[in-house]
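Asker: Residue numbers (my numbering): 474 to 606.
Even for Gly, the Cβ is constructed at its ideal location relative to N, Cα and C.
Keep in mind the model is a prediction, meaning the values are calculated, not measured.
1. Quick one: what's got a C-beta closer than 8 angstroms to residue 606's C-beta in the same chain, skipping five residues either side?
2. Which residues does DSSP list as the beta-bridge partners of residue 494?
3. Would you please state the rounded distance, in angstroms, between the beta carbons of residue 541 and residue 527? I believe it to be under 8 angstroms.
4. Just verifying my parser: in three-state terms, what is the DSSP assignment at residue 526?
5. Can you tell me whether residue 477 is buried or exposed? The criterion is at least 16 other CB atoms within 10 Å of its CB, across all chains shown.
6. Would you kindly work out how many angstroms separate the C-alpha atoms of residue 597 and residue 546, rounded to a whole number?
7. Report back the beta-carbon spacing between residue 520 and residue 580 to the nearest angstrom; my notes put them in contact at under 8 angstroms.
8. Pick from 549, 506, 536: whose alpha carbon is nearest that of residue 492?
9. Distance check for residue 486 and residue 549, CA to CA, integer angstroms please.
10. With a threshold of 8 angstroms on Cβ separation, who are the neighbours of residue 524 within its own chain once the five nearest residues in sequence on each side are excluded?
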């Protein structure tokens with residue numbers, strides 16, 4: 474399972490936001506004080522070795538871009554979170570957020586609508602199609 478360090482994840486967030494960039498472009502997106510150019514470059518090279526980032530060469534410069542989408546990474550992280558901290562149970566996740574976070578009525582209603590839509594979709598896909606003879 475793919476796991477990124479905090480530094481790697483921060484650079485990926487920047488790359489997802491800017492879509493592609495040279496090291497100086499990535500470095501420029503950090504808040505002050507900005508990390509050293511060489512530190513950013515080292516982390517980007519690690520991401521290239523992990524096949525998460527690739528690049529295009531322009532002479533002696535390299536423009537980097539993500540191979541892994543933000544959605545793909547988010548899905549992997551959510552699966553890991555669900556498995557490792559909530560026993561693979563969505564109801565435990567919902568219970569956690571209701572207990573630990575202040576959830577207003579509008580959020581609860583929106584969540585219920587999503588769950589109802591998912592339930593209807595599951596029922597529809599569960600029905601077998603009748604074939605004519």
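Answerer: On the basis of the data shown:
1. What you label residue 606 is simply residue 133 of the chain shown in a count that begins at 1. With a pLDDT of 49 at residue 606, under the threshold of 50, the predicted position of this residue should be treated as unreliable, though the coordinate-derived value follows. Excluding sequence neighbours, residue 606 sits near nothing in its chain.
2. For the purposes of this step, residue 494 is taken as residue 21 along the chain shown, with counting starting at 1. The partner list for residue 494 (beta bridge, DSSP) reads 537.
3. On the chain shown, position 68 is the one that residue 541 refers to. On the chain shown, position 54 is the one that residue 527 refers to. Actually they are not in contact, since the Cβ atoms of residue 541 and residue 527 sit about 10 angstroms apart, beyond 8 angstroms.
4. Reading the chain shown from its first residue, position 53 is the one you call residue 526. Residue 526 falls in the strand class under three-state DSSP.
5. Here residue 477 corresponds to residue number 4 of the chain shown, with the count starting at 1. It is buried - the Cβ of residue 477 has at least 16 other Cβ atoms within 10 Å.
6. The sequence position of residue 597 within the chain shown is 124, counting from 1. The sequence position of residue 546 within the chain shown is 73, counting from 1. Using only the alpha carbons, I get a separation of about 29 angstroms.
7. Within the chain shown, residue 520 is the residue found at index 47, counting from 1. Within the chain shown, residue 580 is the residue found at index 107, counting from 1. That pair is no contact at about 35 angstroms.
8. Position 19 of the chain shown holds residue 492. Of the listed residues, the one whose Cα sits closest to residue 492 is 536.
9. Against the chain shown, residue 549 aligns to sequence position 76. Against the chain shown, residue 486 aligns to sequence position 13. If I take the Cα positions, the gap works out to 15 angstroms.
10. Position 51 of the chain shown, counting from 1, holds the residue named residue 524. So the list reads 540, once near-sequence residues are dropped.
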